[in-house]
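Taken in order, these protein sequences are the chains called F and X. Under UniProt numbering, think of the first position of the first sequence as 1, with each following residue one higher. Under UniProt numbering, think of the first position of the second sequence as 1, with each following residue one higher. Think of the CB as a built atom: it goes at the ideal place given N, C-alpha and C, for glycine as much as any other residue. Model, not experiment: these values are computed from the prediction. Below is one structure, written out as structure tokens; comments come after it.
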Amino acid sequence: MPARFLMVTPGRLLLGRVGEATTPLPTLVKVPTTPSGSPAGSGQPGTHLTHGAHPHVVPRHPRLDPLADRYAARTHGMKSSEIRALFSVVSRPEVVSLAGGMPAVTALPLDAVGSMIGELVSGMGAQTLQYGSGQGDPRLRERICDVMALEGITDASPSEVVVTVGSQQGLDLVTRVFCDPGDVILAEGPSYVGALGVFQAAEARVRHVPMDEHGLIPEALEEALVDCRANGDRVKFLYTVPNFHNPAGVTLSEPRREAIVAIAEKHDLLIIEDNPYGLLGFEHEPMRALRARNNQRVVYLGSFSKTFSPGLRVGWVLAPLAVREKLVLATEAQVLCPPSLTQYAVARYLDTQPWREQIKLFTELYRERRDATLESLAALMPAGTAWTRPDGGFYVWLKLPHGLDAKLMQPRAVNAHVAYVPGIGFFADGNGREFMRLSYCYPEPDQIREGVRRLARVIEAELDLHSTFDTVDTGTFRAIARPGAGDAAETIVGPANSDTYEDRR
Amino acid sequence: MSDTAPASAAAPAGEARSGLRAVVLSGGLNFEREVSLSSGTQVVEELTRAGLDAEIRDADPDLLPGLAASPADAVFIALHGATGEDGALRAVLEMAGVPYVGSPAAACRLAWDKPAAKSVVRAAGATTPDWVALPHSTFRELGAGAVLDLMVARLRLPLIVKPASGGSALGVQKVSSVEELPAAMVSCFAYGDTVMVERYIEGTELAISVVDLGEGPQALPAVEIVPASGVFDYTARYTPGLTEYHVPARVSDDVAARAAALAVQVHQALGLADLSRTDAIVSPDGAVHFLEVNVSPGLTETSMFPMALEAAGFDLGEVFAQLLGRRAASAH
């Protein structure tokens with residue numbers, strides 16, 4: 001609409017000029033005009049609009065969100081954060097990102113996969129573009145059983161498998177089926193950030209159980225379980241990532257697998273075994289899954305995101321039949337059925353492509369990147385820094401020198417064009433400040449070396465800063481007290497935080 | 001300083017400017033990239049709605065070759081943080097002869113440096129809280145304890161600790177006890193090498209936007225900010241629902257007039273052009289204190305510059321198009 005601007009007085013919408021502050025100032029208001037140029041409506045310019053209230057302006061809600069008072073309590077945690085803002089620079093090529101856990105999908109035979117998917121549409125569109133079964137395509141479920149056999153799960157039946165939209169949906173389903181608000185979930189400290197998000201959405205409480213370089217500590221698990229039950233907490237399950245843990249990079253040892261299954265049996269504990277990385281080992285054959293040791297107390301989550309493609313969003317849950325029934329009903333309420341096309345694509349890929357060789361190719365590539373990471377860390381990191389040494393998967397978990405905070409250091413790292421994930425995100429209780437997760441799966445080895453070089457400089461600069469301010473104790477000042485910072489000094493992996501989880505969630 | 005034709009002489013909407021090609025710069029490589037991407041998207045939508053041919057581009061190695069291959073009539077800078085506000089990119093655009101909306105490079109350099117801008121604004125007669133700005137090296141060389149002691153003795157608690165440059169309240173902290181001060185300094189220095197410590201003023205927070213459509217800088221209705229948490233930090237800024245905004249601000253006409261005058265005074269004293277947003281605080285005695293000025297104010301859905309324009313009855317797209325059209329016209 002053509003428009004012109006009029007000066008309107010008096011009013012509270014003010015146009016200011018230096019030197020005019022002592023007298024009422026005119027209001028600058030836009031008045032829509034008719035094609036002839038006269039102001040819309042009747043009256044004279046400058047007289048018919050007061051207080052700047054333009055008839056066409058819809059008043060804003062003072063909080064910009066008229067529904068602000070109606071959200072569920074559990075959504076109150078959904079806020080914009082500085083961390084997210086800092087991550088937005090990661091996509092720029094100047095930044096070496098050791099942050100995201102993106103698989104190296106360009107190592108796939110893309111042409112072959114492309115032809116395969118094309119044929120699925122052109123030749124089988126009547127099925128692949130149609131709704132499917134809520135439980136998932138039967139043919140794919142058979143093939144999933146073949147995949148699980150590689151990790152010792154030889155007794156699984158396709159009828160116990162529910163195909164999901166990535167294992168993330170599988171975890172969400174399991175949590176919805178088992179957890180009421182206030183229930184307690186035992187989980188490694190640290191834990192996969194996406195799992196913590198699911199647990200938070202279900203309003204469950206997380207109690208972290210400490211790990212070391214051999215994975216979850218069975219004695220600590222038992223202690224936490226007994227303690228929770230003594231407190232009257234309803235512990236619904238243990239959530240664990242036994243292989244090449246995200247973010248800790250460690251793997252649960254064979255003796256501990258036995259011990260943990262035994263604890264589950266002894267204390268009537270359900271285990272959710274999340275295993276997206278199990279086939280990506282560098283040093284040895286896949287270890288026997290927890291589910292292979294007990295088929296009644298373990299619900300198993302699997303995924304094709306790391307062995308084939310995360311973009312297809314195909315994962316699965318293997319659960320005892322009664323649980324499976326509930327999962328199917330829950331998934332039908334949520335998504336009706338998993339996408340047909342991507343299920344067919346995975347099944348066809350497993351049928352027609354050399355997928356075992358492809359996994360070998362992936363692991364070789366990741367091994368090279370892991371080596372570049374560990375070599376650079378050993379060569380460049382300042383004293384006081386410690387890290388895990390993964391023998392598979394995507395991640396190294398790094399502990400900063402005493403007193404440093406990975407989240408507070410993040411702006412300096414962004415300035416230095418290197419990105420990581422601060423450890424605090426992997427704890428439900430605010431701990432983990434002195435840790436960070438480094439992902440080596442996506443950048444090339446040269447980029448990794450450069451990224452670690454930048455990170456080392458960032459840590460050194462931060463140490464320099466701390467040396468200035470941490471020792472302040474003259475006059476009225478004291479050294480910075482960092483609650484919890486000293487608690488984790490004994491372990492590389494993370495604190496247990498057994499006393500604080502309730503208050504801080 | 002903008003001194004081109006007044007708005008009334010600007011091209012009628014939808015006619016002369018309908019063929020204008022605008023490049024909106026958005027993104028950049030700093031902490032405020034996400035906010036900038038959001039601002040840029042908003043500006044492109046508004047300019048397109050106003051009939052311009054608008055395209056979004058990042059400030060990256062493709063920018064200059066792209067502008068050379070396919071020249072824009074004018075550039076709209078929706079970059080925040082150093083990339084958009086420290087003047088460097090604008091100096092490059094000036095060298096390349098590319099007209100752009102906003103303040104010139106030299107003025108930006110001054111405004112970007114918050115302590116320097118405060119000096120200029122105070123010298124121009126405005127009120128601004130006492131401050132000191134120091135690099136890390138000063139604390140290291142003189143001993144942090146002694147310097148912090150002096151700081152507290154002179155400025156008195158509570159204090160605001162903020163990076164000497166940068167926006168979106170990133171790194172800004174309120175310090176109420178001496179025990180909090182060293183940790184606040186450490187986290188603030190992660191954003192840059194100089195920290196500004198300022199006396200905290202309790203009062204009503206205002207954001208006063210200024211726009212110049214050819215008749216000199218004019219203040220828009222002040223936006224009053226009431227964050228639910230009490231602190232207008234990054235989360236409070238960019239999560240709808242966490243902050244109440246009152247436009248116009250619930251202040252007396254006299255205070256509103258002085259706030260408007262302050263914003264225009266700041267705009268002029270620093271040599272800014274086209275648009276700016278001054279953040280101020282009104283203390284209980286009615287004094288309006290200058291805090292900082294933004295030469296590339298946020299233009300997202302939750303930003304205060306668009307809010308003020310809307311409250312004054314302006315159409316965002318029309319204003320952006322006019323600013324762009326005037327810059328394009330002045331270049332020919």
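Here residue 165/F carries a coil assignment [DSSP, helix/strand/coil].
If you draw a straight line from the Cα of residue 192/F to the Cα of residue 212/F, it is about 16 angstroms long.
A check of alpha carbon separations from residue 456/F across 370/F, 190/F and 412/F identifies 412/F as the nearest. Residue 267/X: member of the alpha helix (DSSP H) spanning 253 to 269, first to last residue.
Between residue 457/F and chain X, the shortest Cβ-Cβ separation is not below 8 angstroms. By the Cβ-count criterion, residue 279/F is buried, with 16 or more other Cβ atoms from all chains shown falling within 10 Å of its own Cβ. Residue 332/F has a beta carbon lying at 8 angstroms or more from every beta carbon in chain X. When Cβ-Cβ separations below 8 angstroms define contact, residue 372/F makes no contact with chain X. For residue 273/F, DSSP records a beta bridge to 240/F and 300/F. Put simply, the CB of residue 182/X is near chain F, with a gap under 8 angstroms to one of its CB atoms. Taking 8 angstroms as the CB threshold, residue 287/X stays off the interface with chain F.
Between residue 295/F and residue 243/F, the beta carbon gap of about 19 angstroms keeps them out of contact (Cβ cut-off 8 angstroms). For residue 468/F, the nearest beta carbon of chain X is closer than 8 angstroms to its own beta carbon. The alpha-carbon separation between residue 277/F and residue 240/X amounts to approximately 38 angstroms. When only Cα atoms are considered, residue 447/F and residue 96/F end up about 6 angstroms apart. Under the DSSP definition of a beta bridge, residue 357/F lacks any partner. For the 8 angstroms CB-CB criterion, residue 281/F and residue 396/F do not form a contact. Taking residue 259/F as reference, the option from 246/F, 306/F, 219/F and 329/F with the minimal CA-CA separation is 219/F. Secondary structure remark: continuous alpha helix (DSSP H) runs of at least 4 residues inside the segment 178 to 232 of chain X, in chain order: 181 to 189. The beta carbon of residue 409/F falls within 8 angstroms of a beta carbon belonging to chain X, placing the residue at that interface. In this structure, residue 295/X sits near residue 102/X, with a CB-CB distance shorter than 8 angstroms.
Bounds of the alpha helix (DSSP H) holding residue 234/X are 234 to 238. Bounds of the alpha helix (DSSP H) holding residue 111/F are 110 to 128. Residue 228/F has its alpha-carbon roughly 49 angstroms from the corresponding atom of residue 206/X.
Counting only runs of at least 4 residues, the segment 18 to 74 of chain X fully encloses the following alpha helix (DSSP H) elements, listed from N- to C-terminal order: 33 to 49 and 63 to 69. No residue range can be given for residue 295/X, since it is assigned to no alpha helix (DSSP H) and is classified by DSSP as neither H nor E. In the DSSP annotation of this structure, residue 351/F is not part of any beta strand (DSSP E); the continuous alpha helix (DSSP H) holding it starts and ends at 340 to 352. Beta-bridge pairing by DSSP links residue 278/X to 208/X and 293/X.
Our two residues, residue 323/X and residue 77/X, have alpha carbons roughly 11 angstroms apart in a direct line. A straight-line Cα-Cα distance of about 10 angstroms links residue 58/X and residue 33/X.
Residue 288/X and residue 127/X do touch by the CB rule: their CB atoms are close to 7 angstroms apart, below 8 angstroms. Neighbours of residue 414/F in chain X, taken as residues at a C-beta separation under 7 angstroms, are given in chain order as 31. The beta carbon of residue 406/F sits no closer than 8 angstroms to any beta carbon of chain X. Apart from the 5 residues on each side of it in sequence, residue 66/X sits with its Cβ closer than 7 angstroms to the Cβ of 57 in its chain, given in chain order. Residue 188/F and residue 307/X have their alpha carbons spaced roughly 46 angstroms apart. For residue 223/X, the closest of 280/X, 169/X, 170/X and 63/X by C-alpha to C-alpha distance is 280/X.
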